[in-house]
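*Asks:*
Numbering (our numbering), first residue to last: 1199 to 1756.
1. So, does the stretch 1657–1667 touch the stretch 1634–1646, judging by three or more C-beta pairs under 8 Å?
2. Assign residue 1418 to buried or exposed, taking buried as 16 or more other Cβ atoms, counted over all protein chains shown, within 10 Å of its Cβ.
3. In this structure, what does DSSP give as the bridge partners for residue 1377?
4. Please identify the residue among 1270, 1245, 1267, 1268 whose C-alpha is closest to the C-alpha of residue 1259.
5. Where residue 1463 and residue 1497 are concerned, what is the direct C-alpha to C-alpha distance, given to the nearest angstrom?
6. Quick one, which of 1726, 1739, 1727 has its alpha-carbon nearest residue 1706's?
7. Buried or exposed: where does residue 1620 fall if 16 or more other Cβ atoms within 10 Å of its Cβ makes it buried?
8. Taking the C-alpha atoms as reference points, what is the distance between residue 1424 and residue 1433?
9. Mind checking residue 1220: buried by the 16 CB within 10 Å criterion, or exposed?
10. State the start and end residues of the unbroken alpha helix (DSSP H) segment that holds residue 1672.
11. Do you know how far the Cα of residue 1704 is from the Cα of residue 1568?
12. Under the three-state reduction of DSSP, which class applies to residue 1390: helix, strand or coil?
13. How many angstroms separate the CA atom of residue 1444 from the CA atom of residue 1403?
14. Short check: CB of residue 1562 to CB of residue 1699, under 8 Å?
15. Three-state secondary structure (DSSP) at residue 1219?
16. Buried or exposed: where does residue 1532 fall if 16 or more other Cβ atoms within 10 Å of its Cβ makes it buried?
17. Judging by CA-CA distance, which residue of 1472, 1731, 1555, 1411 is the nearest neighbour of residue 1340?
18. Report all residues from its chain with a CB closer than 8 Å to the CB of residue 1377; omit the five preceding and five following residues, and keep chain order.
19. Quick check on this structure: which residue in 1446, 1333, 1542, 1602 has the alpha carbon closest to the alpha carbon of residue 1679?
20. What are the start and end residues of the beta strand (DSSP E) that includes residue 1536?
21. Leaving out the 5 sequence neighbours to the left and right, which residues in its chain are closer than 6 Å to residue 1320 when beta-carbon positions are compared?
22. Suppose only complete runs of 4+ residues qualify. What are the alpha helix (DSSP H) ranges in the stretch 1498–1535, listed by chain order?
23. Helix, strand or coil for residue 1496 per DSSP?
24. Note down, in chain order, each residue of its chain lying with its Cβ closer than 6 Å to the Cβ of residue 1289, except the 5 sequence neighbours on either side.
25. Mind checking whether residue 1732 and residue 1721 have CB atoms under 8 Å apart?
26. Measure the alpha-carbon distance for residue 1537 versus residue 1361 and round it to whole angstroms.
27. Below 8 Å CB to CB, which residues in the same chain sit around residue 1351 once its five sequence neighbours on both sides are set aside?
28. When the Cα of residue 1412 is compared with those of 1729, 1395, 1382, 1440, which residue comes out closest?
29. When DSSP labels each residue in this structure, what does residue 1637 get in the three-state scheme?
30. Could you compute how far the alpha carbon of residue 1271 sits from the alpha carbon of residue 1314?
31. So residue 1560 is in the beta strand (DSSP E); what residue range does that whole segment cover?
32. Taking residue 1625 as part of the alpha helix (DSSP H), name the residues at either end of that continuous run.
33. How big is the Cα-Cα spacing for residue 1524 and residue 1296?
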C-alpha cells in the first residue's frame, strides 16, 4: 500500500453573473419573477495530490504537491491564558507556470482548505494501483488558507486553523446620529452596545443627551436594578412602554423600551450622578442562554454570522461540561472580533475552542481525569519511536499553591467620593469599588514542599456567581496543584490522526514517571511534510495504580 495525500482548496468567485446587453426574450413570460434568486458567487475547488489521485467520479487531483503540509497546533498552557488555541502550517505546490494566472486573478484570503490522506491498494491480478474512494480518505486538516506566497518554481499556501474564521469583527449596528433611537451627533458612527448574559454595574450608552435616553443593549435585556451613583432607591421604575418618545416619564422615574432591536431607558429627570444598571442580556432572535458555552455558541452564530456547519455536532452535548452562568458587556467603543469574545468568555475557565480535523469547532475542558474509560488511544513502546520531556510554562511549574478566580465582574468601578450618591449603602459601595471579587483554592502544604511554588495573579472571568467560581478554582487546584509533566511523543503519523487536541489517551514508556500506565491529554501536535512520524505533546493527568481493576481490558492496559 502507498500513502497519498490530497489537498482541496475552495476559491470563491463573486462575479458569477455574466452581464449581457441582449435580454433573454422568450425564456419566460414577460414580467414574471424567477423561482430562485441567481447566485452571487460560485465556488471552484482546486484539487492537488502528492502521488497522483483520481476519485471514483474520475476527478483528477494533479500531482504537484511537494510538501503535503507542515502543521503546528496546540492548546495554550499558561496561568493567564488557559484555554487558548493556535494552529499554523503550510502547503507547497510545484508551479511550472501553470498556476501563474491563478495567483494573479484569484484571491485566496481565509478561504477553506482541506488535507486528506488515504492508501492506494495494489491490485496484483491486474498489476495496477487502485485509488480509494473520496469518502474513504481520512481528514487530516481542515482550516483556512491565506494569501498566495509564490516562489520561483513553487507556490506556498499558508494554513490557519478553523478558529481563524473568528478574525471577523462583531456584526453590530452603528448609530447614524439622526436623533431619537438612532442616537445624537455625540454617538454618530459608534457601534451600539452589546450585552450577552448576566452583567453587573454596566454603564449604558447615553444616546440622547436632551431627553436622557440610554441604550443598554442591541437586543432584549432584563434590567434588574438601576443605580444613580450606586444608589438604587433614587429613581423609581416607571414601566415598560412601546415608545419612549410618546410621553416623557414622570420626574424621578425611568421607563424601558425593549424589543428585538435593542433595550433603552429614559429618565424623567436629569441625573446628578452616573447611571449604571444590573442586567441580563438576550439575543436579537430572542434566545436567552445562560450557560457560558451556550452564550458563546449563540454569539458565534448570531453576532458573527458563523455558518452552523462549522459548529461541531458534539458542542451541545459538551455544554454541560461547564454549567456556569456568565455574561459580558461590550460598550461599542472598541473593535471586537470573534477571537476577542472567545478569550473574554472563556478566560481562566480551562475551556478551549479547538478546531477539529474536519474543520469544525468544539469545546474542550482541561481537567484532572482518573477515568480509564475516557482514554481513546493507547501509546506504548511498540508504537513510540521517541519520547522527550518538555518544560511546562514557568507559571505552572512548579505547582501552583493558590488560585483566585474572579466572579461578577464590575464593569464600572466607582470609588468613594463626589461620584457616589450620599445614600449609597455601604455594601454597594464595597461592591462597586473593586473590579472583581474572588473565590480561592489554596493548599498551604505546597509552600512547605516547594521553595518557590507558583501563585498566579487573580484571574478575571465572565462568571456571574461565586459557587461557579469556586468550582473552577477547585478544578484548577486539582489539575495544577500537583507536579505535572509534559512529554513530546513521536509516533507514526497515521496513528496520530486517530486523536485530536483535547483527547485523553493512555501512555506507557520506559522513562521515569511513565513506567506504569498514565492517563494524559493531547495538548499539541507537530507534523512535518514528508515525515512518516508526528510528534504529540501529552500532559500527564493520572498514573494508573497497579491494583486498579481495569475490567476486561485491564490486562491489556497493565
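Every residue, glycine too, gets a C-beta built ideally from N, C-alpha and C.
*Replies:* On the basis of the coordinates in this document:
1. yes
2. Looking up residue 1418 in the chain shown gives position 220. That one is buried.
3. As a working mapping, residue 1377 is identified with position 179 in the chain shown. For residue 1377, which the question treats as bridged, DSSP gives no partner whatsoever.
4. On the chain shown, residue 1259 is found 61 positions in, with the first residue counted as 1. Of 1270, 1245, 1267, 1268, the residue nearest in Cα terms is 1245.
5. In the chain shown, the residue the question calls residue 1463 occupies position 265. In the chain shown, the residue the question calls residue 1497 occupies position 299. If you take the alpha carbons of residue 1463 and residue 1497, they lie about 24 Å apart.
6. For the purposes of this step, residue 1706 is taken as residue 508 along the chain shown, with counting starting at 1. It is 1739 whose Cα lies nearest to the Cα of residue 1706.
7. Here the question's residue 1620 lines up with position 422 in the chain shown. It is exposed - the Cβ of residue 1620 has fewer than 16 other Cβ atoms within 10 Å.
8. Within the chain shown, the letter at position 226 stands for residue 1424. Within the chain shown, the letter at position 235 stands for residue 1433. Using only the alpha carbons, I get a separation of about 8 Å.
9. To locate residue 1220, count along the chain shown from 1; it is residue 22. With a pLDDT of only 49 at residue 1220, under the threshold of 50, the placement of this residue in the model should not be trusted; the figure read from the coordinates follows. Its Cβ having fewer than 16 others within 10 Å, residue 1220 is exposed.
10. In the chain shown, counting from the first residue as 1, residue 1672 sits at position 474. Where residue 1672 is concerned, the enclosing alpha helix (DSSP H) stretches over 1664–1678.
11. Reading the chain shown from its first residue, position 370 is the one you call residue 1568. Reading the chain shown from its first residue, position 506 is the one you call residue 1704. Approximately 11 Å, taken between the alpha carbons.
12. Numbered from 1 along the chain shown, position 192 holds the residue referred to as residue 1390. Note: residue 1390 maps to coil in three-state DSSP.
13. Reading the chain shown from its first residue, position 246 is the one you call residue 1444. Reading the chain shown from its first residue, position 205 is the one you call residue 1403. If you take the alpha carbons of residue 1444 and residue 1403, they lie about 21 Å apart.
14. Working through the chain shown from its first residue, we reach residue 1562 at position 364. Working through the chain shown from its first residue, we reach residue 1699 at position 501. Yes, the pair counts as a contact, with Cβ atoms nearer than the cut-off.
15. On the chain shown, position 21 is the one that residue 1219 refers to. The predicted position of residue 1219 is uncertain, since its pLDDT is 49 and thus under 50; a value taken from the coordinates is nonetheless stated next. Coil.
16. As a position in the chain shown, residue 1532 is number 334, starting the count at 1. Residue 1532 is exposed by the Cβ-count criterion.
17. By one-based count along the chain shown, residue 1340 stands at place 142. Selected option, being the one with the closest Cα: 1555.
18. Along the chain shown, one-based indexing puts residue 1377 at 179. Cβ neighbours of residue 1377 beyond the five flanking positions: 1406.
19. Numbered from 1 along the chain shown, position 481 holds the residue referred to as residue 1679. Looking at the Cα atoms, 1602 is the closest of the given residues.
20. Within the chain shown, the letter at position 338 stands for residue 1536. Counting along the chain, residue 1536 falls outside any beta strand (DSSP E), though it belongs to the alpha helix (DSSP H) covering 1536–1544.
21. In the chain shown, the residue the question calls residue 1320 occupies position 122. Cβ within range, chain order: 1327.
22. 1513–1516
23. As a position in the chain shown, residue 1496 is number 298, starting the count at 1. Residue 1496: helix per DSSP, three-state reduction.
24. Position 91 of the chain shown, counting from 1, holds the residue named residue 1289. 1205, 1267, 1355, listed in sequence order.
25. Taking the chain shown and counting its residues from 1, one reaches residue 1732 at position 534. Taking the chain shown and counting its residues from 1, one reaches residue 1721 at position 523. The answer is no: Cβ separation not under 8 Å.
26. In the chain shown, the residue the question calls residue 1537 occupies position 339. In the chain shown, the residue the question calls residue 1361 occupies position 163. Approximately 8 Å between the Cα atoms of the pair.
27. For the purposes of this step, residue 1351 is taken as the residue at position 153 of the chain shown. Cβ neighbours of residue 1351 beyond the five flanking positions: 1292, 1293, 1294.
28. Position 214 of the chain shown, counted from the first residue, corresponds to residue 1412. It is 1382 whose Cα lies nearest to the Cα of residue 1412.
29. Translated into positions along the chain shown, residue 1637 becomes position 439. Of the three classes helix, strand and coil, the one that applies to residue 1637 here is strand, per DSSP.
30. Counting from 1 along the chain shown, the entry for residue 1271 is found at position 73. Counting from 1 along the chain shown, the entry for residue 1314 is found at position 116. Going by the C-alpha atoms only, they are around 17 Å apart.
31. Against the chain shown, residue 1560 aligns to sequence position 362. Where residue 1560 is concerned, the enclosing beta strand (DSSP E) stretches over 1559–1563.
32. For the purposes of this step, residue 1625 is identified with residue 427 of the chain shown, where counting begins at 1. Note, residue 1625: alpha helix (DSSP H), 1624–1630.
33. Within the chain shown, numbered from 1, the residue matching residue 1524 stands at position 326. Within the chain shown, numbered from 1, the residue matching residue 1296 stands at position 98. Rounded to the nearest angstrom, the two C-alpha atoms are 53 Å apart.
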